[in-house]
Structures are given as structure tokens and as C-alpha cells.
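Undergrad: Got a structure for you, questions after.
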Amino acid sequence: MPTDPPYSLIVVGAGAAGCFGALEASRDNDEPVLLIDAGNKPLSKVRISGGGRCNVTHACFDPRDLTENYPRGGRELRGPFHKFQPRDTVAWFASKGVELKTEPDGRMFPTTDTSQTIIDCFLQNLEKQKVPLHLQQRIRSLHRDVDGVFILERDQEEPLKAKHCLLAPGSLASSPLRDSLKALGHTLTETVPSLFTFRIDDPELHALAGVSVSEATVSVPGFGRKQTGPLLITHWGLSGPAVLKMSAWAARYLHEQSYHFPCTVRWIVENPERIRQKLQEQRQTHPRRKVQADCPFALPRRLWEYLCQKADIEDSSWSQLPAKNANQLVADLSGQTFSVKGKSTFKEEFVTCGGVNLKEVDFRTMESRCCSNLFFAGECLDIDGVTGGFNFQAAWTTGYLAGQTLRTRLERGRS
Ligand SMILES: Cc1cc2nc3c(=O)[nH]c(=O)nc-3n(C[C@H](O)[C@H](O)[C@H](O)COP(=O)(O)OP(=O)(O)OC[C@H]3O[C@@H](n4cnc5c(N)ncnc54)[C@H](O)[C@@H]3O)c2cc1C
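Take the sequence shown: its letters are residues 24 to 438, numbered as in this note's numbering.
Given below as C-alpha cells:
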């Protein structure tokens, strides 16, 4: 038998989106709101995020520019970002006593450099606003009774009842709620991983593990888009922001390829003509210098030596460098192709691409278009961003909008 009377609102999922939504919905009202989570700790992803520092958001304050960082959901987030964007996130946390700082690449972290600050902020404010948090309460399914009240079936205990429901359960990849959502009229887009690194079985490349390039361009022939940014060579292949961004934009395409695809790395972003010119200048100005020991580009020494060896340049000086080897060096610098044989998520931020179809959600309110009084926030939606704080920003923004709408609804329901 369901519990009686129903809660005004049950928020499913005490992650970033659910906690934010619960706080906004319960602000200045006494309606009974319950926050539940399947795990034994709330905000578990916040805890491990950003290497334990929590990359809360990104210093990108123009809503249109911000949307460029979302391979899926950018268009739909444009309106919501006009209502709640990173500037509002900074102000929201500041109003709760949490200051954020910006790193040179735009990522924003708490000044304490620990995600515990963000967790404490949510838990203290949930307590202050008297929102009970029930842990180890997994919702197995959700349906409506004849009066339109939501019945939330739990694993062990009696079902819960709620007039409104905010679903913020994170990734829907293996969620028990998938069937309920479909039964309530939703279509779910295919869920596949996003933000992963590329596995390349090449011992010569592995030998360069730890080498990083501040600006390289990564492309996947067959997929239209290129990504430029820092690149890191690891003992399993390629990583770093350029690769993570590529994995995000091409998430569905790479899944279709079963993660077996060619990947081209442009070590120097300048065009091949300019690269050739630089080699020529080197030949004229330093004819006696050994090519392997004299890199004219801003590349790590070990990478330059590797590229010289690839071009069969062993001991020659600039003046002795045969045209064939110079051509090979130019070709590799401006596009070396590797064979990717899989993906890896070692310690990186990763998210799910896919989820609730965005056409079925009203982005002014975050309410379902298929089922009234049902709201969504966070990663369960078919929204995902590139690395850098954009995924949390989507969680705060959608949690905020859902919370605002629910607060008004709960107030109206009381009067
Ligand atoms: C290692 C790692 C590092 C990351 N670092 C960053 C970062 O620094 N910056 C950034 O922007 N993004 C980062 N991300 C992505 C970010 O963590 C997610 O985008 C974000 O957590 C999504 O928030 P959410 O509230 O929607 O979902 P989640 O944080 O996943 O929270 C969902 C909650 O719902 C609960 N739940 C699920 N199903 C049920 C159910 N049936 N019943 C009850 N409860 C349920 C879960 O237990 C969970 O607590 C990182 C991700 C990973 C994996």
C-alpha cells in the first residue's frame, strides 16, 4: 500500500541536479518535499569530480557561446541559459558562502580546492530548508494512479506517493526507470558513452607516455568535425582535452564504428606550407645542426625525436637532410594517422550521451510534455557537454528551472 498522504514533491536522485532542484523548490515554502537516493551517500559524483576538486562550472558568460560546448542539447539550453548561466551559478554559491575561482583555461573550482565544500554546502542548506534526504531508497518504477498521483515503487518498502515528481537520476543507460518513462509516453534516445580517451596499440607511441602538446588538432576521417586543444600521450594511447572533446562530438558516430576508427593528429596547427618554410629556414640558418637535436617548433623534445625517427632521420644535419625525409616529417607534423582500437575512461570525467528526448520536455519549465507534473533535470536528459564544467552547469541550470517552476506550483497548490 502506498504511503498516505502524498508528498507535494518527491525528487528522485540526490546528485547535482536533484539537490539543486530540491533546494530551489523548497525555498520559502513549507510544503512537504522529499529527496531520495538509491546510494548510501548523496552527491557521489560531485565528490569524485574534477579530480576531487569539483569543476563546478566554466567562466563562459555568454549564453550563445556557452551552448557551443554541448554536442547534444545546446539549442535547447539557449533559453534556460538566459535564466541561469555560470554567472548565476557563481552568485548562487557565493550567496551560500562558497567562493569559486577561475583557472587559466576557464574551469571554475571552489577556492578550497575540494569537492567536499560543494557537498557540505548542499547538505547544510537541505537541512536548513528542512528537506529530508532518504538514502538507500532505489525507485524501481513510477506510474500514476487514477487521481493523477505518482506512485513510486521502491525495492523493499511500500511505495511512495507524490503530487509532483522531479526525476534527476543521472544516466539512464541502465536505469530501472526506463520502462516507466516509456510507459508514461516518453521516447528515450540511445544512450552511449561520451568523454573518453582513445586506445591505440602502438608501442612507439606508448613509449612517449606523459608527453603533452599544448595545441594539437585531432580529427576522425569520416566524421566532419576537428578539435583543437591540449593533447596528452598516455601509456594506452591519446588523451587530453582535444581527444575528450572529439569523443563527445563524435560519441554516436564512434559508437557506430564499435570504437575502431582512424584518428589523425596534427601536431602543429600551422599549415604544411608554413611548416615546410620553417624547415627551410632552419636548413639555411643552422645547416650544421643535427635535425633531431634542433626542433624549430614548440614541441616536446621526445615527440620531436620520435617524429624524426618516423621520418628515418637518424644523424643527419639540416644541410644533409634529404628532401624525401623532410617531406615525410612535414606530412607527419601536419597529420599523423593512428588506428584507434577502443576507448578508455581512466580517471577522466565521463558522461552519458542520450536519455529523455528533448522534444518531450518544455525547456521553459523542465516539465514533461507527455506527463504533467513530471519534471526532469540533469544527465537523464539527452544533454551532454564537453569537459570543463559544462556538465555540472547543465545540471544546475535544469535543476534551477525545474525547482523554480515547482516552487510556484507548490505555492499555488497551497492557496
Ligand atoms: C569521474 C567523473 C568526474 C566528473 N567531473 C566533472 C566535473 O569536474 N565537472 C563537470 O561539469 N562534470 C563532471 N562530471 C560529470 C558530472 O558528474 C555529471 O554530469 C553530473 O553528476 C550529472 O548530475 P546528475 O545530478 O544529473 O546525476 P548524478 O550526479 O549521477 O546523480 C544522480 C543520482 O541519482 C541517484 N539515482 C539513480 N537512479 C535512481 C533511482 N532509480 N532511485 C533513486 N535514486 C537514483 C544516483 O544514486 C545518484 O546519486 C564527472 C563525471 C565523472 C564520472
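Every residue gets a Cβ at the ideal spot worked out from N, C-alpha and C, and that includes glycine.
1. DSSP three-state label for His-258, please.
2. Between Lys-106 and Cys-144, how many whole angstroms is the CB-CB distance? I'm expecting something under 8 angstroms.
3. Considering only residues of the same chain and omitting the five flanking positions on each side of Asn-348, which have a CB-CB separation below 6 angstroms?
4. Ligand 1 heavy atoms versus the CB of Ala-232: any closer than 8 angstroms?
5. Pick from Lys-124, Gly-233, Lys-64, Val-56: whose alpha carbon is nearest that of Ala-82?
6. In three-state DSSP terms, what is Met-131?
7. I'd like the span of the beta strand (DSSP E) that includes Ala-114, first residue to last.
8. Is the beta carbon of Cys-331 sitting closer than 9 angstroms to the one on Val-353?
9. Looking only at its chain, what residues have a beta carbon closer than 7 angstroms to the beta carbon of Leu-218, apart from the 5 residues adjacent to it on each side?
10. In whole angstroms, give me the CA-to-CA distance for Gln-280 and Thr-137.
11. In three-state terms, what does DSSP make of His-81?
12. In terms of alpha-carbon separation, which member of Arg-110, Asp-85, His-187 lies closest to Phe-398?
13. Quick one: give me the first and last residue of the beta strand (DSSP E) that Ser-33 is part of.
14. Express the C-alpha separation of Ser-203 and Thr-210 in angstroms, rounding to a whole number.
15. Once the 5 residues before and after Asp-224 are set aside, which same chain residues still bring their CB inside 7 angstroms of it?
16. From the DSSP output, read off the bridge partner residues of Val-288.
17. When we look at the beta-carbon of Gly-233 and count the other beta-carbons within 10 Å, is it buried (16 or more) or exposed?
18. Would the stretch 177-195 count as touching the stretch 26-45 if we require 3 or more Cβ pairs under 8 angstroms?
19. How about Lys-68: is its Cβ closer than 8 angstroms to a heavy atom in ligand 1?
20. May I have the straight-line CA-CA distance separating Arg-201 from Phe-116, to the nearest angstrom?
21. Quick one: which unbroken alpha helix (DSSP H) runs of 4-plus residues sit fully inside the stretch 43-97? Chain order, please.
22. Under a three-way DSSP split, which group does Asp-338 fall into?
23. When burial is assigned at 16 or more other CB atoms within 10 Å of the CB, is Gln-250 buried or exposed?
24. Does Cys-394 come out as helix, strand or coil in the three-state DSSP assignment?
25. Should Glu-402 be listed as close to ligand 3, given that the test is whether its C-beta is under 8 angstroms from any heavy atom?
26. If you drop the 5 nearest sequence neighbours on each side, which residues of the same chain put their C-beta closer than 6 angstroms to that of Thr-212?
27. Grab me the residues of Arg-70's own chain with a C-beta within less than 7 angstroms of its C-beta, minus the 5 sequence neighbours each way, in chain order.
TA: Straight from the coordinates:
1. Coil.
2. Not quite, the Cβ-Cβ distance comes to about 21 angstroms (not below 8 angstroms), so this is no contact.
3. Contacts found: Ala-334, Asp-335, Ile-336.
4. No, Cβ of Ala-232 sits at least 8 angstroms from all heavy atoms of ligand 1.
5. Shortest Cα-Cα distance from Ala-82 to any of Lys-124, Gly-233, Lys-64, Val-56 involves Lys-124.
6. Note: Met-131 maps to strand in three-state DSSP.
7. Per DSSP, Ala-114 belongs to no beta strand (DSSP E); it is in the alpha helix (DSSP H), 109-118.
8. No.
9. If you ignore the 5 residues before and after Leu-218, its C-beta comes within less than 7 angstroms of the C-beta of Leu-267, Ser-270, Ala-271, Glu-371, Glu-372, Phe-373, Val-374, Thr-410, all in its own chain and listed in chain order.
10. So the two alpha carbons sit approximately 38 angstroms from each other.
11. Collapsing the DSSP output to three states places His-81 in a strand.
12. Each of Arg-110, Asp-85, His-187 was checked against the Cα of Phe-398, and the nearest Cα belongs to His-187.
13. Looking at the sequence shown, residue 33 is not Ser but Ile. Here the beta strand (DSSP E) through Ile-33 covers 30-35.
14. Those two C-alpha atoms are separated by around 11 angstroms.
15. Cβ within range, chain order: Lys-364.
16. Partner(s): Val-241, Gln-359.
17. Exposed.
18. Contact holds: three or more Cβ-Cβ distances are below 8 angstroms.
19. Correct: Lys-68 has its Cβ closer than 8 angstroms to ligand 1.
20. About 33 angstroms.
21. Entirely contained in the stretch 43-97, the alpha helix (DSSP H) runs reaching 4 residues are, in chain order, 67-75, 86-90.
22. DSSP places Asp-338 outside both helix and strand once states are collapsed to three, so it counts as coil.
23. By the beta-carbon neighbour count (other beta carbons within 10 angstroms, threshold 16), Gln-250 is buried.
24. If DSSP states are grouped into helix, strand and coil, Cys-394 belongs with coil.
25. The ligand content of the structure shown is limited to ligand 1, which means ligand 3 is not among them.
26. For Thr-212, where only same-chain residues beyond five positions count, the Cβ hits under 6 angstroms are Gly-377, Asn-380, Asp-405.
27. For Arg-70, where only same-chain residues beyond five positions count, the Cβ hits under 7 angstroms are Ser-138, Ile-142.
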